[in-house]
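In what follows, a single structure is set out as structure tokens and then discussed.
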Amino acid sequence: MLPSDGGARHIPEPNGHDWYTPDEHLRWLTHRAVGDGDWAVAESVLRELGELVPARVEPLARTADRNPPVLRQYNARGERIDEIEFHPSYRELERLVLGFGAVRAAYGSGWRGFPARAPRALVTAMLYMFLQADQAITGCPIGMMDAMARCLERNDPHLAARFVPRIADDTGNHMTAAMFLTEKAGGSDVGANETVA
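Just so we're aligned: the sequence shown equals residues 491 to 687 in our numbering.
Okay, here's the thing in structure tokens:
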């Protein structure tokens, strides 16, 4: 408790070894949302993430942030190639987050023993934990994969049947997804942005 609080309980600074146990609010909210029936599996997932995120995700995210993707427009002969070169930490972080099931859990049955899909509240809690260490990869490409899969399921069952299993693949053969918008106005004032899809 901070001296100026007068009784407020704040989430303590992560201890570097376990980011789940000290977060009583995450535990309470997730337990309440997933219910007693799924709580044992959900809590084991979150406990595992509580150790994985500070040990592996955060160091990889820091390295990936210092080594952003590089666009190679031309090869040595001057031919247009438009390739993007990713640092190994970026690819390892992507493999780690997707391999853990950050997208698959929400769209595939049988993940971690759930007979159907994992509860959405658990998936949200998982993404929350990953996002504490990594905004760039979990927040954007992986977040877009989740958003696209959800959008397809809600709006086009035919396209969902075709693409969601490929988007939610956790074996390294996944399809990435993106949403493209043309900015009409805005800039750094995100609230003033106007877009056309």
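Glycine is no exception: its CB is placed at the ideal position from the N, C-alpha and C atoms.
Asked, Found
"Asp-572, enclosing alpha helix (DSSP H) - first and last residue", "Counting along the chain, Asp-572 falls outside any alpha helix (DSSP H), though it belongs to the beta strand (DSSP E) covering 570 to 575."
"Inter-stretch contact (C-beta, 8 angstroms, three-pair minimum) for the stretch 540 to 557 and the stretch 644 to 663", "no"
"Span separating the alpha-carbon of Thr-520 from that of Ile-574", "38 angstroms"
"Where the alpha helix (DSSP H) containing Tyr-618 begins and where it ends", "610 to 623"
"Glu-584 versus Leu-536 - alpha carbon distance", "19 angstroms"
"Coil, strand or helix - Arg-656 by DSSP", "helix"
"Local conformation of Leu-492 per DSSP, three classes", "Interpretation of Leu-492 is limited by its pLDDT of 45, a score under 50 that renders its predicted location unreliable; the figure taken from the coordinates is listed afterwards. In the structure shown, Leu-492 sits in coil (DSSP, three-state: anything other than H, G, I, E or B)."
"Per-residue burial, His-664 [other beta carbons within 10 Å of its own, 16 or more giving buried]", "buried"
"Spatial distance of Gly-633 from Gln-563 (CA atoms)", "27 angstroms"
"Option nearest Asp-526 by Cα separation, candidates Ala-637, Asp-636, Pro-609", "Pro-609"
"As assigned by DSSP and simplified to three states, the class of Tyr-510", "coil"
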